[in-house]
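A.B. asks: Numbering (our numbering), first residue to last: -9 to 621. Glycine included, each C-beta is placed from N, C-alpha and C at the ideal position. Note that the structure is a prediction, hence the values are computed from the model and not measured.
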Amino acid sequence: MKSLEDYKALHQASIADPEGFWTREAQRIDWSTPPRRALENDQPPFAHWFPGGETNLCHNAVDRWAAVRPDAPALICVSTETGSERTYSFAEVKAEVSAWAAAYQALGCGQGDRVLIYMPMIAEAAFAMLAAARIGAIHTVVFGGFASGALAARIDDAKPKLIVAADAGSRMGKVIAYKPLLDQALGIADHRPDKVIMVNRGLAPFHLAHHDVDAETLIAEHRGKEIACIPLPSAHPSYILYTSGTTGKPKGVQRDTGGYAVALAASMEHIFYGQPGGVFFSTSDIGWVVGHSYIVYGPLIAGMASIVYEGTPTRPDPGILWSLVAKHRVRTMFTAPTALRLLKKEDPAYLKAHDCTSLKALFVAGEPLDEPTALWIAEALGVPILDNYWQTETGWPILTLCRNLCDAPVKPGSPGLPVFGFDVRLVDERTGQPAAQGEKGVLTLAAPLPPGALTTLWQDDARFQSAYFGDFPGQNLYSTFDWGVQDEEGYTFILGRTDDVINVAGHRLGTREIEQAITTHPAVADTAVVGVADPLKGQTPIAFVVVKGGHGAGPDLAAEIVQAVAREIGALAKPQGVYFVPALPKTRSGKVLRRAIQAVWEDRDPGDLTTIEDEGALEAIRILRQGAPSP
Ligand code: AMP
């Protein structure tokens, strides 16, 4: 273990000499053709990691281990919703993934084609992803909680050749049929996939339409076929993952192959206690970036077994996560603060009843970890609680404490130090110049972004440049759109978003997207959505709505508006309150003052209002706040 100073020197070396640092790290994975060099950076901010190298994510995650430890567990699929559990060894995963890859090819899908995956947390979801990686198809997983509008937007952007879906998911014992949502989405979308591969779990009525193929029959036809992993250029896109931004149009984060494999392998070694034969348990979902990096690819690349969990933290009882830790002797666990806050409300006996001594650490990410929750869980588990800060875009942690490289202590409220490869700079929001020590600044990353980070936005290099690098022209600084502050030892504290993105239970939602969903209702003239503090979810969206003349405002309309959001985006984006106002507070140039609204709602100073058009509009919100229930 190294001291804080040693770690800082190592981090500095990773920035000053990326060539040397990443050439060494690249040896953690198998290459069919070794790279010419680590980095080609002649077109910033587009970095090309490991040029000349050829590799395959599926080979590194599956075949590599199937060759040496075929019977070791790879995927432990547990559903407390259906009461099922099945473990697949590396050899079994290889066989299944090979059959899926053969099926894709038989349906005319090959290198560079997109496969959209709209699935619950079942083994087939992981097979569908790995099979795409195996043949160089580009997967794009859409979170099962998204509804038809959001799904249609992603179908039209990614233009998948194939879609893989299931009849249904299940949450808290309630079956959520996916097929009707998918059919609706296909009704809205302009793009048509060639085929839809449907997994039938027997949870919801199952009808195959003309373009649908039954997965079980299809895969049975291809079982036993050996489809080799195709060596892919390091820069070949492995996947697209959509995330919210400030406009209504989601951003298609594009990841490469070689850089991603190396970054995950390095993070498993230095951050996540990776060890072949160990068990990794992340409670996230394959629809999110954590699911890509630390349910499917990262643990498998490290030769670990990964638990694929369909269920919630509290069902059948609030001890379920810990019982899985005890049963499978989990080494590394990863969850979100919201899950911990949920469990904190329950009887601590549920935790104490299970033997969690196999755990090395509990990692949490996705939203701020509040100190009382951190202290509670640290005391209850007796292992380090390691907060890690990152984004869909970066693919792996920007800030944390790399326990394999540094024994610096945890500081409550801070995810820790910049991770190797990330050139973190806190800068003045207007000039891009370094913020003074102890002063709040925008958290930026100086290009080149490290391996594993997004290489561009899907078919939109211009948006990649303008959205992330446009705030500080000429400086090649990637904006995270988060505020941060650093203490004298270099620990960074995250202070919230600089933009109109909100974070609900660790999920990023764009307020513009929710507003667009609300304005699909014919009675709505104008709306503003803001995220306000919520004791459990961190933030929750609330909507202010101006009704068109001739329409009556009231509880029925509010319910219809909430339904419109559920229909367009999904239940996770439903506003917790809908408030009718005569006008929205706007600047003279017509920009909605979302941050002022949020401040008024949270009983804070709304700040400088010199640009406001109409003070009365904010006053109307103040009055509503007085009558609204406390969060
Ligand atoms: P997503 O891309 O959906 O994972 O959202 C990323 C955003 O979540 C970041 O830009 C932060 O605003 C927030 N976030 C992620 N991890 C943390 C963390 N450990 N502490 C505070 N905020 C976080």
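1. Identify, in the order they occur along the chain, each residue of the same chain with its Cβ nearer than 8 Å to the Cβ of Ser(-7), setting aside the five sequence neighbours on each side.
2. With three or more C-beta pairs closer than 8 Å as the rule, is the segment 83 to 92 touching the segment 238 to 245?
3. With a floor of 3 residues, list each beta strand (DSSP E) that falls wholly inside the segment 395 to 472, ordered by position along the chain.
4. Nearest to Thr470 by alpha carbon, out of Gly293, Asp461, Leu176 and Ala495?
5. Please go through the same chain and pick out, in chain order, the residues whose beta-carbon is closer than 6 Å to the beta-carbon of Glu383, but skip the five residues on each side of it.
6. Residue range of the beta strand (DSSP E) that Arg76 falls in?
7. Quickly, what does DSSP pair Gly646 with across the bridge? List them, please.
8. In its own chain, which residues sit with a C-beta less than 7 Å from the C-beta of Leu97, not counting the 5 before and 5 after it?
9. I'd like to confirm something about Trp21: is its beta-carbon nearer than 7 Å to some heavy atom of the ligand AMP, or not?
10. Would you report the Cα separation of Gly442 and His38, rounded to the nearest angstrom?
11. May I ask you to report which of helix, strand or coil DSSP gives Lys576?
12. Is Lys564 helix, strand or coil when you go by DSSP?
13. Where does the unbroken beta strand (DSSP E) through Glu30 begin, and where does it stop?
14. Return yes when at least one heavy atom of the ligand AMP lies under 7 Å from the C-beta of Pro405, else no.
15. Is Lys185 helix, strand or coil by DSSP?
16. Whole angstroms are fine: how far does the CA of Ala113 sit from the CA of Glu259?
17. Identify the continuous beta strand (DSSP E) that holds Asp202 and give its terminal residues.
18. Does DSSP classify Gln529 as helix, strand or coil?
19. Have a look at Ile504, Asp489 and Asn31 and flag the residue whose alpha-carbon is nearest the alpha-carbon of Glu419.
20. Where does Asp595 sit, in a helix, a strand or coil, going by DSSP?
21. Where do the ends of the beta strand (DSSP E) carrying Leu499 lie?
22. Given Ile145, which residues of its chain have a CB within under 8 Å of its CB, disregarding the five upstream and five downstream residues?
23. Round the Cβ separation of Leu376 and Thr363 to the nearest angstrom and send it over; I've been treating them as touching at under 8 Å.
24. For Ser348, which option in Val582, Asn190, Ala607 and Val373 has the closest C-alpha, if you only look at C-alpha atoms?
25. Per the DSSP calculation, Trp39 is bridged to which residue(s)?
26. Which whole runs of the beta strand (DSSP E) in the segment 320 to 373 are 3 residues long or more, in chain order?
27. Can you tell me where the alpha helix (DSSP H) with Thr517 in it begins and where it stops?
28. Taking Ala295 as the reference, which of Leu547, Thr601, Asp61 and Ile613 has the closest Cα?
29. Within its chain, find whatever has a CB closer than 7 Å to the CB of Gly309; leave out the 5 residues flanking it on each side and keep chain order.
30. With Asp377 as the anchor, note down where its beta strand (DSSP E) starts and where it stops.
31. Please name the residue in Ala563, Leu526 and Gly567 whose C-alpha comes closest to that of Pro545.
32. Specify, as a first and last residue, the run of the alpha helix (DSSP H) that Gly288 falls within.
33. Taking 7 Å as the limit between beta carbons, can you name the residues of its chain near Arg319, skipping five residues before and five after?
34. Does the distance from the C-beta atom of Pro35 to that of Ala437 stay below 8 Å?
35. Quick one: grab the DSSP three-state call for Gln101.
36. Cβ-heavy atom distance between Val417 and the ligand AMP below 7 Å?
C.D. replies: In short, the structure shows the following:
1. Cys396, Asp397 and Ala398
2. The segment 238 to 245, when compared against the segment 83 to 92, does not touch it at the 8 Å Cβ threshold.
3. DSSP runs (the beta strand (DSSP E)) wholly in the segment 395 to 472: 414 to 417 and 431 to 436.
4. Asp461
5. Val243 and Leu444
6. For Arg76, the enclosing beta strand (DSSP E) has its first and last residue at Ser74 to Ser79.
7. In the structure as shown, the chain begins at -9 and stops at 621. Residue 646 is therefore absent and cannot be evaluated.
8. Leu152, Asp184 and Lys185
9. Between the ligand AMP and the CB of Trp21, the shortest heavy atom gap is not smaller than 7 Å.
10. Straight-line Cα distance between these residues: approximately 11 Å.
11. strand
12. coil
13. Leu29 to Gln33
14. yes
15. strand
16. Rounded to whole angstroms, Glu259 to Ala113 spans 25 Å at the Cα level.
17. Asp202 to Asp204
18. Gln529 sits in a strand when the DSSP states are folded into three classes.
19. Asp489
20. coil
21. Bounds of the beta strand (DSSP E) holding Leu499 are His497 to Gly500.
22. Leu106, Ile153, Ala175, Leu176, Ala179, His181 and Pro183
23. No, Leu376 and Thr363 are not in contact; Cβ-Cβ is about 14 Å, not under 8 Å.
24. Closest by alpha carbon: Val373.
25. Leu29
26. 322 to 325 and 351 to 355
27. Thr517 -> not in any alpha helix (DSSP H); beta strand (DSSP E) instead, spanning Val514 to Asp524.
28. Asp61
29. Tyr340, Leu341, Ala343 and His344
30. Segment Ile375 to Asn378, the beta strand (DSSP E) holding Asp377.
31. Gly567
32. Gly288 to Ile291
33. Within the same chain, Val269 and Ser348 come within 7 Å of Arg319 by CB-CB distance, once the 5 residues on both sides are set aside.
34. Closer than 8 Å, so yes.
35. coil
36. No.
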